[in-house]
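Its first residue numbered 880, the sequence shown is counted upward by one per residue in our numbering. Glycine included, each C-beta is placed from N, C-alpha and C at the ideal position. I have placed the structure first, in the form of structure tokens, so that the comments after it can refer back to it.
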Amino acid sequence: MLLHVLLSIQLFSGQLDSLASKTISSGLPNDYCTSIFQDSNDFLWFGGYNHISRYNGYTRFIYKSNPQTKKPVFKERNFAFYQHQEKLWVVSESAYIYSIDLKTDSIAVFRLPEQYGTNFITSSEEMNEGIWLGTNKHLIFFDYTKHEFKAHYDGHIVAIVKMSKSNLLLQIYNEQFAPSYRRFISYDRNTNEAKSLSLQSNTTNQPFVYNHQLILQFPKYIEFYDESLRFNRRIDLPFNAVVTDFFYYNDQFGIIGTNNAGAYIFDNTDFTITPLDDDDISSASIHDIFLDKSDNIWFAMANNGVAKIKKLIKPYNQLFELKNKNDVIITIEDDAFNRIWFGTSKSGLFILDNDQKLQDLPLLKTINSNFIPSIKTTNDTTIWIATLGNGLINYNIFSEETRFFKTVSDDSSSLSNNLIFCLEEQSEDTIWVGTYSGLNRIVRHNSSYNTMRFFEDQQLVTTQINKLSYNANRLWVSTTNGLHVINTKNNSVQTSPQELFETISIRNLLADSLQHCWVATNDGLFLLDESFNILKRYNRVKNFPSDLITDIVTISSNELLIGTNEGLILFNTETESFKNYRDKNLFDHINTIKNLKATAVVSSGSKLFNFDRSFSDNPRPPKIQFTNLKVFDLEFPLAKPLTTIRSLELEHFNNNITIEFASLDYTDPGRNNYRYRMDGVDPNWVQSGTENRAIYSYLKPGNYTFSVIGSNSDGIWSKEPRSLLITINPPFYQTNIAYMIYLIAILAFCYEIYQRIVERERQEAKREELRLNNELDKQRMKSQIAADLHDEIGSNLSSIKLISERLKKNNQFSHSELKQLSVIHEISSSSAAAIREIVWFINPANETMAAFVNKIQQTAQQMLDGFELNFEIDTHVNQLETSIEQRRNIFLFVKEALQNIIKHADCRIVNIRFQMSDDKLHISISDDGKGFNLRSDHLGNGLNNFRKRAENINAEFNINSSIGNGTEVSLELKIP
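Right, dumping it as structure tokens:
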């Protein structure tokens, strides 16, 4: 019965050491590894005893079910991986098949029914439909889709080999015979027919299909059979061990894995077997050999974990080796015929043609020196050969003409010494020669040469010249006295400070086009400017592979090929990244490098080999994946694996994040480089180098897109960036719902204020209406009172006046009685006038200032009949608003002033003025009369009346008069 159990899992991560050619056991529950696989996302999977793990180049994730008990999900030996769509299938020896969903990281477990067997022994995938499984009872097929086990053939199946699309080769154990006995069955998967096979021998271990051939192994040899199972050949094994894997690498090589004897290289052309020389693999028990997508070869080993070696194809191969192994090749040059010239320390000069054969030129017989320190080519026709003791030789490769340049006593136009250490070309016609005693320059004029000793600097006249390098009008010279730079335009010389290389030995020089110089020393590589400032320095302290630098050449605009005592370094000067090449069988200590037209040629001791400059260890662009997410430096739980997530939503308090990522290329993960960018945070791409994480602190709420691209160790960048949409949710008070609540609250508040304003305005309008009604009532009442006063009292006073006038005409009254009647007449007349004035003032029609001023003017004209009256008024006065009390007191003030003028002034002209100044009303009445003394005692009562009128309306009263100068009284009233 099928057991189908879904397990929830947790991931445990552990840091790993570099995998390059080393045994890996850290980060694993144990060192027993049986299988390796790379999924469609480019993650590596390692199967082992009671565990499987996923690797991204930096960390390994171990799958377990319970972090407390650490009881493994994957029991026993997990020996095979298969992938179908988005699921990874794992076959376990314990009769379990596990399915890992790569989208969710969930695990399904399928148990083989006991009637079909108790364990899985072998497996093989069937055309992406399912898995063929061998048990101790049956041949079983497991269907990926139906999740069913089905028995197809009875027998103890110990090996399944796919021979063709329809045929399986089954190796079956027969218990009736010896324990080592096996028989072979051909099983047709389409018809389910089984056919017994008769092979040459039936006593074998694990069979293999290799390059369309069947391989059967025996204790000391292996046999090859073609696709028709006909015997092909027998090959003796150079080891006494069981073959555990036979891996096809390419048309040239294969790799054999063994039990306890390590790995071997199998040559497909001559069928030779040689040990794979690697300390971590040489004696290991190898269960599985796997080639990843970058051509790295992985080994799953019992008790040794996992090891990896880089591709077997190397960028170099040997061209030539001197017979004298103690001899050293110290200089290399090529000519127009693409021949390689090289000089040695003991055997003189050699010339290697295109077929890698030595050429015997007549020139070689003329060289009486076995030590050739330097060779240079000029103008494609001339070879310059430096010797140690025999001067300088000039050889024309076309005419084969030879010239010798040597020291001549007392001749300053000859070489300064026959011991020549170095040569450097300045141009086609100029070559510099460094000798034991000074620097020389040889210049060609037509067909002749002029030799000149360099006398401009005394240090370069007698000292030993060790190395020369020219570029951009600068000749850099290394001597026993230090480093010098010559400006070849004016022959000026600068010398390095004595302390710069006092304890450091200069091994070589390389001038560049920027007038800088790379200096190879026994203490690392220096880059100097022409003032001898150190611009860069590389040594072991800065993780450079070596301190002893022997030679440097330019490969491209940003690449140097560097020789060291520990192999070659290909160095990128822009990224400051490097690759180290070392082959103990071919080269170790590099003597010299020459960048030729087609390749670079390198010497190491007595060996000469070429180096392919265009070779790339790793040309495949890597996939980039997110591997971990941390919030405030703690791992953040996710519902799905980060590798499958395209968008991420975080709360506002989870805004300090660390995103880890990996270029899934395993050639040299420590040299994978990265660039990343967070839209909205980073204005440009961030160059993070080999740092495979990005940290963002306190991100503001909003939407972000984080993108990253990565390179492999050869600087090949991923084609497309990997992106993650990140949303930082705002706190509730910044959400749209909160803003809607705020808006509703604001609208409600505004509505409440509006309602209150409307209510207040309604109340004010009501009060104003009431006030206006009251005012109208007052106006009506005032009008009624005025009418009543005029009609009743006025008419009565008029009647009294008329009666008194008639009585005065009657002669019956005495003088005293007539006098009293006159008084009655006068009182009634004045009372009637007063009543008319009161009526005028309380009449609403007369409340304007214009009507009031007009009233004063009319009154003055009536009172001053016979006087010259001047009446002046400002235009603004008529627009003033004044109270009835103010108007009444002003009127009485003016009227009393006019009465005083009539009675006492004895004047001819009277002036009345109404003027505005600022917010004050000025009223003045003046005359041109006789005036009076303001200090006179009898004036007190009259002035008091004026003051009282002023006080009644909060006005200021002033009087100005003197005898003979008339009088002026004024009133100043503040108008609000």
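Here the segment 1329 to 1344 makes contact with the segment 1308 to 1321; the two share three or more CB pairs at distances below 8 Å. Judged by DSSP in its simplified three-state form, MET1619 adopts helix.
Residue SER1805 holds the alpha-carbon nearest to the alpha-carbon of SER1841 among LEU1049, SER1805, ARG1828. Straight across, the Cα-Cα distance linking VAL1040 with LYS1029 is about 19 Å. Cβ atoms of SER914 and ASP1130 stay farther apart than 8 Å, at about 26 Å. Rounded to the nearest whole angstrom, the CA to CA distance from ALA959 to LYS1502 is 24 Å. Going by DSSP, MET1742 is part of no beta strand (DSSP E) but of the alpha helix (DSSP H) stretching over 1728 to 1742. Between PHE1720 and ARG1766, the C-beta spacing is below 8 Å. In the structure shown, TRP1011 falls within a strand segment according to DSSP collapsed to helix, strand and coil. The C-alpha of SER1708 lies about 43 Å from the C-alpha of GLU1647. In the same chain as SER1410, and ignoring 5 residues on each side of it, the C-beta atoms closer than 8 Å to its own belong to GLN1373, in chain order. Within a 10 Å sphere around the beta-carbon of GLU1539 sit 16 or more other beta-carbons, which makes this residue buried. The beta carbon of LYS1225 sits closer than 8 Å to the beta carbons of ASN1203, ASN1205, ASP1206, VAL1207, ASN1249, PHE1250 from its chain, once the five residues preceding and following it are set aside; these are given in chain order. Membership of LYS1346 in the beta strand (DSSP E) is indicated by the continuous run 1344 to 1350. Secondary structure in the segment 1155 to 1196: the beta strand (DSSP E) runs of 3 residues or longer, each lying completely within the stretch, are 1164 to 1170, 1176 to 1181, 1184 to 1188 in chain order. Cβ contact annotation for LYS1074 (same chain, cutoff 6 Å, sequence separation greater than five): SER1065, in chain order. Restricting attention to PHE1020, PHE999, ILE1000, the CA atom closest to the CA of GLY1009 is found in PHE1020. Taking the Cα positions, PRO1723 is about 27 Å away from GLN1642. In this structure, LEU1393 is the residue among LEU1393, GLY996, ILE1176, GLY936 with its C-alpha nearest to the C-alpha of ASP1408.
Counting C-beta pairs closer than 8 Å gives fewer than three between the segment 1620 to 1630 and the segment 1530 to 1545, which falls short of the contact rule. In this structure, DSSP gives GLY1222 an extended state, which the three-state scheme calls strand. Just so you know, the alpha carbons of ILE1160 and ASP1124 end up roughly 14 Å apart.
One alpha carbon belongs to GLU1004, the other to ALA1399, and they sit about 56 Å apart.
Residue range 1092 to 1096 is occupied by the beta strand (DSSP E) that includes ILE1094. When the beta-carbon positions are compared, PRO1086 and LEU1076 stay at least 8 Å from each other. Measuring C-alpha to C-alpha distances from TYR1127 to each of ILE1780, MET1742, HIS1091, ASP1512 identifies HIS1091 as the nearest. Note that the C-beta distance between LEU1521 and PHE1532 is not below 8 Å. Classified as buried, VAL1481 has 16 or more neighbouring CB atoms from the shown chains inside 10 Å of its CB.
Distances from the CA of VAL1364 to each of LEU1748, THR1523, ALA1390 were compared; the closest alpha carbon is that of ALA1390.
Contact fails between the segment 1182 to 1190 and the segment 1460 to 1470, because fewer than three Cβ pairs, one in each stretch, are under 8 Å apart. The beta carbon of SER971 sits closer than 8 Å to the beta carbons of PHE953, LYS954, GLU955, ARG956, ASN957, PHE958, TYR977, PHE999 from its chain, once the five residues preceding and following it are set aside; these are given in chain order. GLY1589 is classed as buried because its beta carbon has at least 16 other beta carbons within 10 Å across all chains shown.
Distances from the CA of GLY1581 to each of TYR1553, LEU1155, THR1614, GLU1599 were compared; the closest alpha carbon is that of THR1614.
In the structure shown, LYS1244 falls within a helical segment according to DSSP collapsed to helix, strand and coil. Between the segment 1192 to 1202 and the segment 932 to 941 there are fewer than three C-beta pairs closer than 8 Å, too few to call the two in contact.
Looking at the DSSP output, ASN1273 shares a beta bridge with TRP1263, ARG1282.
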